[in-house]
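**Q** Starting off with a structure, shown below.
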Amino acid sequence: MSQLTSRFEESRVRAMSGSPLELVEIVLAEVNGTATGAWKLALLELKTFAPDAECAARVVRAYESGRCEPWCAAALLGAIGHPDGYATALSILWSAPGSLAESYAGPALAR
7 MSQLTSRFEE
17 SRVRAMSGSP
27 LELVEIVLAE
37 VNGTATGAWK
47 LALLELKTFA
57 PDAECAARVV
67 RAYESGRCEP
77 WCAAALLGAI
87 GHPDGYATAL
97 SILWSAPGSL
107 AESYAGPALA
117 R
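Here the sequence shown is numbered in the numbering used here, starting from 7 and rising by one per residue.
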């Protein structure tokens, strides 16, 4: 990714960061955030907000419906930091060994 593209994506995420829920939707809508790498910026931005129950619930529903991969759900839940995501992060930790999802689930549990 060029520096110009990177700056564009960063400004696009920041411009849409009016709420934590918008950031969550950006990541979920962009093939779990991997299409543009926006997920990394969204996670950083999410950590600046207070824990949000609706965001956690949205990620949990997306994960349970198969719309969100385990690694992405764990990363989002960790960034959101709401206790309502704990059970799902724990489930991801135990059910996805070797998928690198545990790399995000462990810190999500600690947060």
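Positions of the beta carbon are idealized from the N, C-alpha and C atoms, including for glycine.
(1) Roughly how many angstroms lie between the CA atoms of VAL66 and GLY87, to the nearest whole one?
(2) If we count the other Cβ atoms within 10 Å of its Cβ and call it buried at 16 or more, is GLY72 buried or exposed?
(3) Check this for me: beta carbons of GLU4 and LEU27, under 9 Å apart or not?
(4) Restricting to runs no shorter than 4 residues, where is the alpha helix (DSSP H) found entirely within the region 59-94?
(5) Who are the Cβ neighbours of ALA21 in its own chain at under 7 Å, not counting the five residues just before and after it?
(6) Closer than 7 Å by C-beta to ARG64: which residues in its own chain qualify, once you throw out the five before and the five after it? Chain order, please.
(7) Less than 6 Å between C-beta atoms, sequence neighbours within five positions excluded: which residues of the same chain meet that for GLN9?
(8) What is the rounded straight-line gap between the Cα of SER101 and the Cα of PRO57?
(9) Taking LYS46 as part of the alpha helix (DSSP H), name the residues at either end of that continuous run.
(10) Whose C-beta lies closer than 7 Å to the C-beta of LEU34 among residues of the same chain, with five residues either side of it excluded?
**A** Inspection of the coordinates gives the following:
(1) What you label residue 66 is simply residue 60 of the sequence shown in a count that begins at 1. What you label residue 87 is simply residue 81 of the sequence shown in a count that begins at 1. Note on geometry: alpha-carbon atoms of VAL66 and GLY87 lie some 13 Å from one another.
(2) Translated into positions along the sequence shown, residue 72 becomes position 66. Looking at its Cβ environment, which holds fewer than 16 other Cβ atoms inside 10 Å, GLY72 is exposed.
(3) A query on residue 4 cannot be resolved here, the shown segment of the chain reaching from 7 to 117 and no further.
(4) 59-70, 76-86
(5) Taking the first residue of the sequence shown as 1, we reach residue 21 at position 15. Because the pLDDT at ALA21 is just 46, under 50, the model does not fix this residue reliably, and the point stays unresolved.
(6) For this step, residue 64 is matched to residue 58 along the sequence shown. Excluding positions up to five away in sequence, the list reads LEU27, VAL30.
(7) The count along the sequence shown starts at 1 and reaches residue 9 at position 3. Caution applies to GLN9, whose pLDDT of 47 falls short of 50 and renders its modelled position unreliable; the model cannot decide the point.
(8) Translated into the one-based positions of the sequence shown, residue 101 becomes position 95. Translated into the one-based positions of the sequence shown, residue 57 becomes position 51. Each residue's alpha carbon lies about 25 Å from the other.
(9) Your numbering for residue 46 matches position 40 in the sequence shown. That run of the alpha helix (DSSP H) goes 44-52.
(10) Against the sequence shown, residue 34 aligns to sequence position 28. Excluding positions up to five away in sequence, the list reads ALA68, ARG73, CYS74.
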